[in-house]
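Report on one structure; see the data block that follows.
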Amino acid sequence: MSLDEFKNIIESTSLKQEVKFDMNARPHAIILAAEDLLAVCEILQRNPATYFDMLSCITGIDNGAEANTMEVVYNLYSIPFNLHLMLKVVLPRENPRVESVSGIWKTADWLEREVFDMYGIQFLNHPDLRRILMPADWEGYPLRKDYKHQDYYRNIKVEY
1 MSLDEFKNII ESTSLKQEVK FDMNARPHAI ILAAEDLLAV CEILQRNPAT
51 YFDMLSCITG IDNGAEANTM EVVYNLYSIP FNLHLMLKVV LPRENPRVES
101 VSGIWKTADW LEREVFDMYG IQFLNHPDLR RILMPADWEG YPLRKDYKHQ
151 DYYRNIKVEY
């Protein structure tokens with residue numbers, strides 16, 4: 001299936017913003033507005049022509065203070081059709097938020113928690129959004145570019 005065919009399927013929904021493409025990404029990526037993500041994911045998972053039955057990865061990206069944005073990247077796979085697709089959502093760096101896709105793909109539950117834990121990106125309506133890798137009382141989000149390393153954690157020196 002071509003990127004244009006994906007675009008036609010996605011645009012069959014009522015989107016709030018125009019869909020963009022990242023042709024440099026492998027696989028090619030469709031860039032969506034955060035408010036369109038849930039509707040697009042539901043279509044891609046339920047449409048018999050695509051049937052993206054597997055969410056294999058969610059990745060967070062901190063583009064730094066200069067760009068003042070963060071990204072969430074979703075890697076989808078359709079087992080029956082052997083199709084790969086990447087979705088990107090660009091968020092403001094200050095208070096990044098996007099709807100959870102855990103109601104569509106159960107694998108999103110822990111993947112979203114990991115992105116939250118490392119980047120501080122909020123996944124709205126997630127059933128259990130809490131830290132998964134770091135201790136519950138850890139300060140900050142370690143993969144953000146503005147992260148300040150702690151010298152001590154619970155009176156134990158943290159060495160780097």
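1 is the number of the first residue of the sequence shown in the UniProt record's numbering; add one for each residue after it. The beta-carbon is built from N, C-alpha and C at its ideal position, and this holds for glycine as well.
Can you tell me whether residue i is helix, strand or coil according to DSSP?
| i | result |
| --- | --- |
| Tyr141 | coil |
| Leu3 | helix |
| Val72 | strand |
| Ile10 | helix |
| Ile58 | strand |
| His84 | strand |
| Leu147 | Checking the displayed sequence, the identity of residue 147 turns out to be Tyr instead of Leu. In the structure shown, Tyr147 sits in coil (DSSP, three-state: anything other than H, G, I, E or B). |
| Lys16 | coil |
| Ile156 | strand |
What are the boundary residues of the beta strand (DSSP E) that includes residue i?
| i | result |
| --- | --- |
| Arg93 | Looking at the DSSP string, Arg93 is not in any beta strand (DSSP E), and its letter there is neither H nor E. |
| Ala29 | 29-32 |
| Leu124 | 122-124 |
| Asp22 | 20-22 |
Using a 10 Å radius around the Cβ and a threshold of 16 neighbouring Cβ atoms, would you call residue i buried or exposed?
| i | result |
| --- | --- |
| Asp146 | exposed |
| Gly140 | exposed |
| Ser100 | buried |
| Met118 | buried |
| Tyr74 | buried |
| Ile138 | Note on identity: in this sequence residue 138 is Trp, with Ile being the wrong assignment. Exposed. |
| Leu44 | buried |
| Lys157 | exposed |
| Lys106 | exposed |
| Glu159 | exposed |
| Leu133 | exposed |
| Ala136 | exposed |
Could you pull the start and end residues of the alpha helix (DSSP H) that residue i belongs to?
| i | result |
| --- | --- |
| Glu114 | 108-119 |
| Val40 | 37-46 |
| residue 195 | Because the chain spans 1 through 160 in this model, residue 195 falls outside it and cannot be assessed. |
| Gly64 | 64-67 |
Stretch-stretch touch, CB-based, cutoff 8 angstroms, three pairs: the stretch 22-40 with the stretch 48-57
Note that the stretch 22-40 does not touch the stretch 48-57; fewer than 3 beta-carbon pairs, one per stretch, sit closer than 8 angstroms.
Using a Cβ distance threshold of 8 angstroms, determine whether the stretch 88-100 contacts the stretch 61-68, with at least three qualifying pairs required.
The stretch 88-100 and the stretch 61-68 touch, with no fewer than 3 CB-CB distances between them shorter than 8 angstroms.
Can at least three beta-carbon pairs, one atom from the stretch 4-24 and one from the stretch 66-82, be found at a separation below 8 angstroms?
No, the stretch 4-24 does not touch the stretch 66-82.
Counting Cβ pairs closer than 8 angstroms, one from the stretch 151-158 and one from the stretch 121-133, do we hit at least three?
Under the 8 angstroms Cβ criterion, the stretch 151-158 does not count as touching the stretch 121-133, having fewer than three qualifying pairs.
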